[in-house]
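Engineer:
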Amino acid sequence: MNVDYYVNKYNAEYISSRSNVRVVLWGKLNDKKNRDENKLFLAEGIKLAGEALAYADVDKLIVAELTLNSGYVANQIIDTAHSKGVDIIVLADHAFEKISTEKAPQGVIAVTKYLSQAQTDGDFSAWQENKRLIMLDGIRDPGNLGTIIRSAEALGVTGVILHNCADIYNNKTIRAAMGSLFRIPIYVTTDGADIVRAMKSCGRRVLGASLGEHTLVLGKYDIDPRDCPVIGNEGHGISTEILNECDYSLMIPMAGNTESLNAAQAATCILWEYHRINI
0 MNVDYYVNKY NAEYISSRSN VRVVLWGKLN DKKNRDENKL FLAEGIKLAG
50 EALAYADVDK LIVAELTLNS GYVANQIIDT AHSKGVDIIV LADHAFEKIS
100 TEKAPQGVIA VTKYLSQAQT DGDFSAWQEN KRLIMLDGIR DPGNLGTIIR
150 SAEALGVTGV ILHNCADIYN NKTIRAAMGS LFRIPIYVTT DGADIVRAMK
200 SCGRRVLGAS LGEHTLVLGK YDIDPRDCPV IGNEGHGIST EILNECDYSL
250 MIPMAGNTES LNAAQAATCI LWEYHRINI
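Using numbering that gives the first Met the number 0, the letters of the sequence shown map in sequence onto residues 0 to 278.
1. Would you mind reading off the limits of the alpha helix (DSSP H) that contains Pro141?
2. Smallest Cα separation from Glu279: which of Ile76, Leu65 and Gly211?
3. Sort Asn277, Ala42, Gly121 and Asn7 by Cα distance to Tyr113 and report the nearest one.
4. What ranges does the beta strand (DSSP E) occupy inside the segment 182-252, keeping only unbroken runs of at least 3 residues that lie completely in it?
5. Looking only at DSSP bridge pairs, what is Gln118 linked to?
6. Can you list the alpha helix (DSSP H) stretches of 4 or more residues lying completely in the segment 67-102, in chain order?
7. For the alpha helix (DSSP H) that Gly26 lies in, which residues bound it at each end?
8. I need the boundaries of the alpha helix (DSSP H) containing Asp3, first residue and last residue.
9. From which residue to which residue does the beta strand (DSSP E) around Glu12 run?
10. Just curious, the beta strand (DSSP E) that Asp136 is in, first and last residue?
11. Comparing C-alpha positions only, which one of Asp140, Gly155, Ala109 and Glu12 sits nearest to Ala91?
12. Three Cβ pairs or more, each shorter than 8 Å: is that satisfied between the segment 221-241 and the segment 103-123?
13. Give every residue of the same chain whose Cβ lies closer than 8 Å to the Cβ of Lys31, excluding the five residues on either side of it in the sequence, and list them in chain order.
14. Measure the alpha-carbon distance for Asp86 versus Leu60 and round it to whole angstroms.
15. Assuming Thr66 contacts Gln127 (C-beta within less than 8 Å), just tell me the rounded distance between them.
16. According to the neighbour-count rule (16 or more other Cβ atoms, all chains shown, within 10 Å of its Cβ), is Ile278 buried or exposed?
17. Considering Lys112, what are the terminal residues of the beta strand (DSSP E) in which it resides?
18. Taking the CB atoms as reference points, tell me whether Leu132 and Val156 lie closer together than 8 Å.
19. Assign Gly158 to one of three DSSP states: helix, strand, or coil.
20. I'd like to check one pair, Glu233 with Ala350: are the Cβ atoms closer than 8 Å?
21. Which residue from Leu52, Gly207 and Ile160 puts its Cα closest to that of Asp246?
22. Roughly how far, in whole angstroms, is the beta-carbon of Ala63 from the beta-carbon of Phe95, given that I think they are within contact range, below 8 Å?
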(Lines of atoms letter the chains of each structure in order from A; the text may use other names.)
(Lines give C-alpha, C1' and ligand atoms only; values in the text may rest on other atoms or scores of the structure.)
Protein backbone atom coordinates (compact mmCIF):
# COMPACT_ATOMS: atom_id res chain seq x y z
CA MET A 0 0.00 0.00 0.00
CA ASN A 1 1.37 3.43 -0.87
CA VAL A 2 1.15 6.71 0.99
CA ASP A 3 -1.92 7.83 -0.99
CA TYR A 4 -3.91 4.91 0.44
CA TYR A 5 -3.28 6.09 4.00
CA VAL A 6 -3.82 9.74 3.12
CA ASN A 7 -7.22 8.90 1.62
CA LYS A 8 -8.41 6.25 4.10
CA TYR A 9 -7.22 7.88 7.34
CA ASN A 10 -6.94 11.52 6.28
CA ALA A 11 -3.24 11.15 7.08
CA GLU A 12 -0.72 13.89 6.38
CA TYR A 13 2.51 13.15 4.53
CA ILE A 14 5.70 15.03 5.46
CA SER A 15 8.88 14.51 3.46
CA SER A 16 11.23 17.18 4.83
CA ARG A 17 13.56 16.66 7.82
CA SER A 18 13.49 20.43 8.34
CA ASN A 19 9.70 20.61 8.66
CA VAL A 20 8.94 22.60 11.80
CA ARG A 21 6.96 19.76 13.40
CA VAL A 22 9.59 17.15 12.59
CA VAL A 23 12.15 19.40 14.26
CA LEU A 24 9.87 19.78 17.31
CA TRP A 25 9.27 16.03 17.62
CA GLY A 26 12.99 15.38 17.35
CA LYS A 27 13.61 17.83 20.19
CA LEU A 28 11.27 15.82 22.44
CA ASN A 29 14.22 13.51 23.07
CA ASP A 30 15.52 16.31 25.30
CA LYS A 31 13.94 16.80 28.75
CA LYS A 32 13.85 20.60 28.52
CA ASN A 33 11.78 20.46 25.35
CA ARG A 34 9.54 17.70 26.71
CA ASP A 35 8.76 19.82 29.75
CA GLU A 36 8.11 22.93 27.65
CA ASN A 37 5.67 21.12 25.35
CA LYS A 38 4.29 18.58 27.85
CA LEU A 39 4.80 15.88 25.22
CA PHE A 40 6.90 12.72 25.02
CA LEU A 41 7.52 9.92 22.53
CA ALA A 42 6.35 6.32 22.88
CA GLU A 43 8.21 4.43 20.15
CA GLY A 44 7.50 0.97 18.79
CA ILE A 45 4.35 -1.03 18.12
CA LYS A 46 3.96 -2.23 21.72
CA LEU A 47 4.47 1.15 23.41
CA ALA A 48 2.47 3.10 20.84
CA GLY A 49 -0.39 0.64 21.35
CA GLU A 50 -0.16 1.03 25.14
CA ALA A 51 -0.17 4.80 24.79
CA LEU A 52 -3.29 4.69 22.62
CA ALA A 53 -5.01 2.43 25.15
CA TYR A 54 -4.12 4.28 28.37
CA ALA A 55 -2.86 7.78 27.60
CA ASP A 56 -3.75 10.87 25.59
CA VAL A 57 -1.98 10.57 22.23
CA ASP A 58 -1.54 13.76 20.22
CA LYS A 59 -0.17 12.29 16.97
CA LEU A 60 0.64 8.85 15.58
CA ILE A 61 3.74 8.98 13.38
CA VAL A 62 4.40 6.21 10.86
CA ALA A 63 7.53 5.83 8.71
CA GLU A 64 6.81 5.62 4.98
CA LEU A 65 8.88 2.50 4.31
CA THR A 66 7.16 0.47 6.99
CA LEU A 67 3.75 0.94 5.38
CA ASN A 68 4.63 -1.92 3.03
CA SER A 69 6.59 -4.03 5.50
CA GLY A 70 5.50 -6.50 8.14
CA TYR A 71 6.34 -4.16 11.00
CA VAL A 72 3.41 -1.80 11.01
CA ALA A 73 0.36 -3.11 12.86
CA ASN A 74 -2.57 -1.72 10.90
CA GLN A 75 -4.78 -2.18 13.93
CA ILE A 76 -2.75 0.54 15.69
CA ILE A 77 -3.43 2.92 12.83
CA ASP A 78 -7.10 1.90 12.88
CA THR A 79 -7.23 2.46 16.65
CA ALA A 80 -5.61 5.87 16.37
CA HIS A 81 -8.03 6.89 13.63
CA SER A 82 -11.04 5.69 15.65
CA LYS A 83 -9.87 7.82 18.59
CA GLY A 84 -9.52 10.92 16.45
CA VAL A 85 -5.73 10.93 16.66
CA ASP A 86 -3.98 12.65 13.74
CA ILE A 87 -1.89 10.23 11.65
CA ILE A 88 1.34 11.51 10.16
CA VAL A 89 3.32 9.58 7.56
CA LEU A 90 6.97 10.63 7.46
CA ALA A 91 9.52 10.00 4.76
CA ASP A 92 12.11 7.61 6.16
CA HIS A 93 14.90 10.19 6.40
CA ALA A 94 12.53 12.45 8.37
CA PHE A 95 11.50 9.59 10.67
CA GLU A 96 15.17 8.92 11.42
CA LYS A 97 15.45 12.45 12.83
CA ILE A 98 12.98 11.48 15.57
CA SER A 99 13.63 7.80 16.28
CA THR A 100 16.04 6.71 19.01
CA GLU A 101 15.82 2.97 18.29
CA LYS A 102 18.66 0.99 16.68
CA ALA A 103 16.11 -1.10 14.80
CA PRO A 104 13.02 1.12 14.59
CA GLN A 105 9.63 -0.43 13.93
CA GLY A 106 8.41 2.73 12.24
CA VAL A 107 5.72 3.78 14.72
CA ILE A 108 5.87 6.59 17.30
CA ALA A 109 3.03 7.95 19.44
CA VAL A 110 3.52 11.60 20.36
CA THR A 111 1.88 11.52 23.78
CA LYS A 112 0.74 14.17 26.23
CA TYR A 113 2.18 14.15 29.75
CA LEU A 114 0.38 11.57 31.85
CA SER A 115 -2.53 12.64 34.02
CA GLN A 116 -1.70 10.00 36.66
CA ALA A 117 1.83 11.43 37.14
CA GLN A 118 1.46 14.17 39.75
CA THR A 119 4.13 16.67 40.79
CA ASP A 120 3.78 17.58 44.47
CA GLY A 121 0.21 18.66 45.37
CA ASP A 122 -2.07 17.02 47.95
CA PHE A 123 -0.09 13.95 48.97
CA SER A 124 -2.43 12.91 51.80
CA ALA A 125 -5.32 12.47 49.38
CA TRP A 126 -3.11 10.85 46.73
CA GLN A 127 -1.67 8.14 48.98
CA GLU A 128 -4.95 7.05 50.52
CA ASN A 129 -5.71 3.32 50.08
CA LYS A 130 -2.66 2.75 47.89
CA ARG A 131 0.11 0.18 48.15
CA LEU A 132 3.25 2.27 47.85
CA ILE A 133 6.93 2.15 47.06
CA MET A 134 9.25 5.16 47.26
CA LEU A 135 12.32 5.59 45.06
CA ASP A 136 15.05 7.97 46.14
CA GLY A 137 17.75 9.04 43.72
CA ILE A 138 17.27 6.31 41.09
CA ARG A 139 19.23 8.07 38.35
CA ASP A 140 19.47 5.28 35.78
CA PRO A 141 16.35 5.53 33.57
CA GLY A 142 16.50 1.82 32.73
CA ASN A 143 16.46 0.91 36.41
CA LEU A 144 13.62 3.34 37.03
CA GLY A 145 11.50 1.88 34.25
CA THR A 146 12.23 -1.67 35.38
CA ILE A 147 11.15 -0.89 38.95
CA ILE A 148 7.93 0.73 37.73
CA ARG A 149 7.19 -2.38 35.66
CA SER A 150 7.89 -4.69 38.62
CA ALA A 151 5.82 -2.48 40.91
CA GLU A 152 2.72 -2.83 38.76
CA ALA A 153 3.26 -6.59 38.35
CA LEU A 154 3.58 -7.06 42.12
CA GLY A 155 0.51 -5.16 43.21
CA VAL A 156 1.84 -1.66 43.90
CA THR A 157 -0.72 1.04 43.15
CA GLY A 158 1.39 4.15 43.69
CA VAL A 159 5.08 5.01 43.12
CA ILE A 160 6.71 7.98 44.86
CA LEU A 161 9.76 9.48 43.15
CA HIS A 162 12.34 11.77 44.76
CA ASN A 163 15.35 13.03 42.82
CA CYS A 164 14.98 10.26 40.20
CA ALA A 165 15.54 10.06 36.46
CA ASP A 166 12.89 11.56 34.19
CA ILE A 167 9.92 9.24 33.74
CA TYR A 168 9.57 10.48 30.15
CA ASN A 169 13.11 9.52 29.16
CA ASN A 170 12.90 7.06 26.27
CA LYS A 171 14.91 4.48 28.26
CA THR A 172 12.50 4.76 31.20
CA ILE A 173 9.49 4.35 28.92
CA ARG A 174 11.03 1.37 27.14
CA ALA A 175 11.99 -0.42 30.37
CA ALA A 176 8.56 0.18 31.95
CA MET A 177 6.92 -1.59 28.98
CA GLY A 178 3.57 0.14 29.34
CA SER A 179 3.32 0.13 33.14
CA LEU A 180 4.17 3.83 33.15
CA PHE A 181 0.85 4.55 31.42
CA ARG A 182 -1.17 2.83 34.13
CA ILE A 183 0.39 3.21 37.58
CA PRO A 184 -0.09 6.45 39.55
CA ILE A 185 3.17 8.32 40.18
CA TYR A 186 3.87 11.11 42.65
CA VAL A 187 7.00 13.19 42.04
CA THR A 188 8.22 15.15 45.06
CA THR A 189 11.00 17.65 45.70
CA ASP A 190 10.94 17.02 49.47
CA GLY A 191 11.33 13.32 50.18
CA ALA A 192 11.81 13.67 53.94
CA ASP A 193 8.53 15.57 54.25
CA ILE A 194 6.73 12.85 52.29
CA VAL A 195 8.10 10.19 54.66
CA ARG A 196 6.83 12.20 57.63
CA ALA A 197 3.44 12.52 55.93
CA MET A 198 3.22 8.75 55.43
CA LYS A 199 4.11 8.11 59.07
CA SER A 200 1.46 10.58 60.22
CA CYS A 201 -1.08 8.51 58.25
CA GLY A 202 -0.09 5.37 60.16
CA ARG A 203 2.27 3.83 57.63
CA ARG A 204 5.62 2.27 58.46
CA VAL A 205 8.38 3.48 56.18
CA LEU A 206 11.18 0.96 55.64
CA GLY A 207 14.47 2.02 54.07
CA ALA A 208 16.35 -0.69 52.16
CA SER A 209 19.62 -0.22 54.01
CA LEU A 210 21.57 -1.48 56.99
CA GLY A 211 20.97 0.52 60.16
CA GLU A 212 20.52 0.47 63.90
CA HIS A 213 16.94 -0.83 63.69
CA THR A 214 17.07 -3.35 60.84
CA LEU A 215 14.32 -5.74 59.79
CA VAL A 216 15.22 -8.83 57.75
CA LEU A 217 12.98 -9.44 54.73
CA GLY A 218 10.84 -12.52 55.32
CA LYS A 219 11.30 -12.46 59.10
CA TYR A 220 8.91 -9.76 60.25
CA ASP A 221 5.14 -9.28 60.15
CA ILE A 222 4.26 -7.58 56.90
CA ASP A 223 1.74 -4.76 56.89
CA PRO A 224 0.40 -3.99 53.39
CA ARG A 225 0.41 -0.30 54.34
CA ASP A 226 4.21 -0.35 54.70
CA CYS A 227 6.14 1.76 52.22
CA PRO A 228 9.60 0.41 51.33
CA VAL A 229 12.18 2.93 50.12
CA ILE A 230 14.78 2.03 47.50
CA GLY A 231 17.83 4.29 47.21
CA ASN A 232 20.39 5.39 44.67
CA GLU A 233 22.28 2.69 42.76
CA GLY A 234 25.67 3.70 44.16
CA HIS A 235 25.03 5.67 47.34
CA GLY A 236 21.82 4.24 48.74
CA ILE A 237 19.09 6.25 50.42
CA SER A 238 19.86 9.89 51.19
CA THR A 239 20.60 10.63 54.85
CA GLU A 240 17.68 13.01 55.29
CA ILE A 241 15.19 10.36 54.12
CA LEU A 242 16.82 7.43 55.89
CA ASN A 243 16.78 9.36 59.18
CA GLU A 244 12.99 9.68 58.86
CA CYS A 245 12.37 5.97 58.15
CA ASP A 246 10.92 3.81 60.95
CA TYR A 247 13.24 0.90 60.19
CA SER A 248 16.01 -0.20 57.87
CA LEU A 249 15.25 -3.24 55.74
CA MET A 250 17.78 -5.92 54.77
CA ILE A 251 17.48 -8.60 52.10
CA PRO A 252 19.21 -11.80 53.30
CA MET A 253 21.73 -13.06 50.75
CA ALA A 254 23.97 -16.10 50.38
CA GLY A 255 27.62 -16.18 49.39
CA ASN A 256 29.84 -13.12 49.30
CA THR A 257 27.43 -10.81 47.47
CA GLU A 258 27.23 -7.52 49.33
CA SER A 259 24.26 -5.96 47.58
CA LEU A 260 21.77 -6.10 44.73
CA ASN A 261 21.15 -3.36 42.22
CA ALA A 262 18.16 -1.11 42.82
CA ALA A 263 15.80 -2.91 40.44
CA GLN A 264 16.64 -6.34 41.84
CA ALA A 265 16.25 -5.17 45.43
CA ALA A 266 12.90 -3.57 44.69
CA THR A 267 11.61 -6.75 43.04
CA CYS A 268 12.66 -8.94 45.99
CA ILE A 269 10.97 -6.67 48.51
CA LEU A 270 7.80 -6.19 46.47
CA TRP A 271 7.45 -9.92 45.89
CA GLU A 272 7.50 -10.53 49.64
CA TYR A 273 4.63 -8.08 50.05
CA HIS A 274 2.77 -9.40 47.02
CA ARG A 275 2.85 -13.06 48.00
CA ILE A 276 0.73 -12.51 51.14
CA ASN A 277 -2.14 -11.53 48.82
CA ILE A 278 -2.00 -14.44 46.37
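We put the beta carbon where it would ideally sit given N, CA and C, even for glycine. Remember, it's a predicted structure, so these values are computed and weren't measured experimentally.
Structural biologist: This is what the structure holds:
1. Within the sequence shown, numbered from 1, the residue matching residue 141 stands at position 142. Its alpha helix (DSSP H) spans residues Pro141 to Ala153.
2. Outside the shown range of the chain (0 to 278) lies residue 279, about which nothing can therefore be said.
3. If you number the sequence shown from 1, residue 113 lands on position 114. Nearest option by C-alpha distance: Ala42.
4. 185-188, 205-208, 214-216, 227-230 and 247-250
5. The count along the sequence shown starts at 1 and reaches residue 118 at position 119. Answer by DSSP bridge pairing, in chain order: Tyr186.
6. 74-82 and 92-95
7. Mapped onto the sequence shown, residue 26 falls at position 27. Start and end: Val20 to Lys27.
8. Translated into the one-based positions of the sequence shown, residue 3 becomes position 4. Per DSSP, Asp3 belongs to the alpha helix (DSSP H) from Val2 to Tyr9.
9. Residue mapping note: residue 12 aligns to position 13 of the sequence shown, counting from 1. Taken as a continuous stretch (DSSP letters only), the beta strand (DSSP E) holding Glu12 covers Glu12 to Ile14.
10. Here residue 136 refers to the residue found at position 137 of the sequence shown. For Asp136, the enclosing beta strand (DSSP E) has its first and last residue at Leu132 to Asp136.
11. Here residue 91 is taken as the residue at index 92 of the sequence shown, counted from 1. It is Glu12 whose Cα lies nearest to the Cα of Ala91.
12. no
13. Position 32 of the sequence shown holds residue 31. Cβ within range, chain order: Asp166, Tyr168 and Asn169.
14. The sequence position of residue 86 within the sequence shown is 87, counting from 1. The sequence position of residue 60 within the sequence shown is 61, counting from 1. Cα to Cα, the separation comes out at about 6 Å.
15. To locate residue 66, count along the sequence shown from 1; it is residue 67. To locate residue 127, count along the sequence shown from 1; it is residue 128. Going by Cβ atoms, the distance from Thr66 to Gln127 rounds to 43 Å, so no, they are not a contact pair.
16. For this step, residue 278 is matched to residue 279 along the sequence shown. So Ile278 counts as exposed.
17. As a working mapping, residue 112 is identified with position 113 in the sequence shown. Start and end: Val107 to Lys112.
18. Locating residue 132 in the sequence shown gives position 133, where the first residue counts as 1. Locating residue 156 in the sequence shown gives position 157, where the first residue counts as 1. Going by C-beta atoms, Leu132 is nearer than 8 Å to Val156.
19. Here residue 158 corresponds to residue number 159 of the sequence shown, with the count starting at 1. Strand.
20. Because the chain here runs from 0 to 278, residue 350 falls outside it and cannot be looked at.
21. Looking up residue 246 in the sequence shown gives position 247. Ranking the options by Cα distance to Asp246, first place goes to Gly207.
22. Residue mapping note: residue 63 aligns to position 64 of the sequence shown, counting from 1. Residue mapping note: residue 95 aligns to position 96 of the sequence shown, counting from 1. The pair is a contact, with the Cβ atoms about 4 Å apart (cut-off 8 Å).
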